[in-house]
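The numbering used here puts the first residue of the sequence shown at -18, with every later residue one more than the last. What follows is one structure encoded as structure tokens, with my remarks underneath.
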Amino acid sequence: MEEDEEVSLLTSGLRASGSTPAQGLEEAGTGAGKIFCDTDNCPGRGFNAAAICCFCEASVHMECFMLTVRKAAEYPEGCHSEVFCSSVCCIWHGNSNVDREAVRKERSELQSLLKKQLVEKARASQVRVTQRVNKKSLQVSKAMMIRRLMAKRFNELAGVADSVPVERAKPQKTVHARFRLINCIFSDELSAQSTMADNVDRSALDAGAVGDNSPFWKLCEDRFNNGFPVNSLDGPFFADTMHFNHPTIDSHHESVNPRIRAVFSSTDLVAMWKEIQKEYERVFTNFKKSGNHNSSFTREAMKAWFCADDAEEKSVDSSIKSADLDDVFGVEEGGFCNFTNSVVIIYLRLWLNEKPGLTNFVSRQLPEEIQIDSMGAPASTMAAKRQLSSNSESKLRKSPDMLAESINNLAKARKIDDGRKEMHSSITRFHDTETKKSVIAAKREEIQLLQTQIETLTRRYEQCTDPEKRNRYKQGLSELDDKLDALLMS
């Protein structure tokens, strides 16, 4: 019964447009002079639209209506033959808050505008005028622009959400937001969990709780946007407070207030933190050069850095002159603030002086002993070569045993490198085997799927009495057989 109803509606639509079904198909097949109706993504027909929307009076091809709008979930249950141009008008139908005459008037006014004017109007109203087609962003038709602008205005009156959501604007990474993020990271609650920020186990990988989705950054997101609980270790106003004073911060052109911020996601916070880290690394690289760190402003943080680097051979006390111990703000010659004018980096350094235990969390440089020059020889071989070359002129002349010992060390280093190469080769072979197994399994599943489709289609072909459908089934069986043969022969 439903198919007969669709056929009768399509036939009546063609008759109203002055064309027979055969003529309509013939004209559409030519591809010339296509006429587009006001439904979304109309493919274009060879004849005029035969119907109009009963709500907004937009022109509608009966074919487009029956194939899209009539089958939409928003189509009113009490309607049977009423024609609508979109699901938006279906939602408005029967809603007492939406004036039908006002909708028609608004549509008529928008219809009189040029497409360029509609784009400007949509931009001012924050209405999207593009859609994704084959992974490309394309501008929608004029009819779709008009519908989205009308939906923006009348959906609020109707008490429904916009059918086309507007993408959330990215929050501004202001100096206030950066100070607030630093406060959150250096809080007692988050600093205690900083060591777990990058520790990832199998369960976390399976759950996707890594990177910006990790528990650490999700907690940081909550504290950044909602503040700290009243009964927390840090107190409810910790994120809103300026915890340190500094001449550079006090003389900044804008008074810093960590209370001023937008809503940031964990992804936004990670991106902002990486920018702060990158800037800090650049400043710190220049500052930690020999002779530069002559300031008590960085004493505690430099101690933590030296201990992490080599506690036995280096001492921060020897690098800080007694005359510079009064440079508590790092603004004298050789002080940290001579290498940056960023109030964010200075505030970060103030926090590091307060909590030097977070130095490794802020500075993510790899130790030299685990750095490998990928363009040269492995680290162990290079270390042996450096040892051999540095001592060749002195020690080798004293005793031939030293030469033999050096050669033995070099040979051992090469054996270690050969063992590593063998391990990497074994891992590569294992991955290749697993890849081949997965390809075979996928191929087996595809063959089983094709066989199931062939059995189902064969059953339908044998039970069908309609000649046209039998031809389609037969053609489908032929295509599936060809695919199955190709898989079996490959």
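Note that the Cβ used here is the ideal one computed from N, Cα and C, for glycine as well.
Burial state of residue i, where buried means 16 or more other Cβ atoms lie within 10 Å
i, result
"M470", "exposed"
"R240", "exposed"
"R159", "buried"
"A105", "exposed"
"I166", "buried"
"N482", "Lying before the first or after the last residue shown, residue 482 is absent from the chain, which here runs from -18 to 471."
"L95", "exposed"
"S375", "Per-residue confidence for S375 stands at a pLDDT of 48, beneath the threshold of 50, marking its modelled position as unreliable; no derived number is given."
"A394", "buried"
"Q456", "exposed"
"A502", "Since the first residue of the chain shown is -18 and the last is 471, residue 502 is not available in this structure."
"D447", "exposed"
"H412", "exposed"
"A83", "exposed"
"S387", "buried"
"P337", "buried"
"A422", "exposed"
"M177", "exposed"
"A392", "exposed"
"A3", "Confidence is the limiting factor: at A3 the pLDDT is only 35, short of 50, which leaves the residue's position unreliable and the question unanswerable from this model."
Coil, strand or helix - residue i by DSSP
i, result
"A458", "The question names Ala, but residue 458 is Leu in the sequence shown. The answer is helix: DSSP assigns L458 an H, G or I state."
"I241", "coil"
"V114", "strand"
"A32", "strand"
"A339", "According to the sequence provided, residue 339 is Leu. The question's Ala does not apply to it. If DSSP states are grouped into helix, strand and coil, L339 belongs with the helices."
"S168", "coil"
"S122", "coil"
"V108", "coil"
"S40", "strand"
"R453", "helix"
"L377", "Bear in mind that the predicted position of L377 carries a pLDDT of just 41, short of 50, making it too unreliable to give a figure here."
"A358", "Low confidence applies here, because A358 scores a pLDDT of 45, under 50, leaving its location unreliable and the question unanswered by this model."
Contact under 8 angstroms by Cβ, residue i with residue j
i, j, result
"C66", "V79", "no"
"I163", "L329", "yes"
"H74", "F36", "yes"
"Q153", "A252", "no"
"E55", "S68", "yes"
"H233", "V324", "yes"
"Y442", "L458", "yes"
"R129", "E87", "no"
"S175", "F219", "no"
"P196", "G208", "no"
"I16", "A32", "no"
"H42", "C60", "no"
"F268", "F320", "yes"
Reference residue i, options the options, closest by Cα
i, options, result
"C71", "A53, A83, V84, S77", "A53"
"Q120", "V100, R26, L130", "V100"
"H157", "S459, L431, R104, T222", "T222"
"N194", "L468, E426, L250, H405", "L250"
"F342", "P228, A31, W254, T416", "W254"
"N322", "L48, D231, W332", "D231"
"S172", "N206, N207, L214", "L214"
"E38", "A392, D203, I127", "I127"
"T439", "R451, Q429, R204", "R451"
"E202", "E415, R161, N238", "R161"
"E170", "S89, S62, V108, V211", "V211"
"K464", "T437, K424, C445", "K424"
"Q92", "K116, A83, Q107, A124", "A124"
"I327", "S407, V237, K402, T416", "V237"
"F205", "T248, E436, N226", "T248"
"I435", "R453, F320, L461", "L461"
"M131", "V110, S118, G27", "V110"
"R85", "S118, E44, A103, C34", "C34"
"E260", "N390, K418, S344", "S344"
"S77", "E137, T433, K199", "E137"
So within the segment 43 to 96, which uninterrupted alpha helix (DSSP H) runs reach at least 4 residues, ignoring any that extend past its ends?
Counting only runs of 4 or more residues that sit fully inside the segment 43 to 96, the alpha helix (DSSP H) segments are 43 to 48, 68 to 73, 81 to 92, in chain order.
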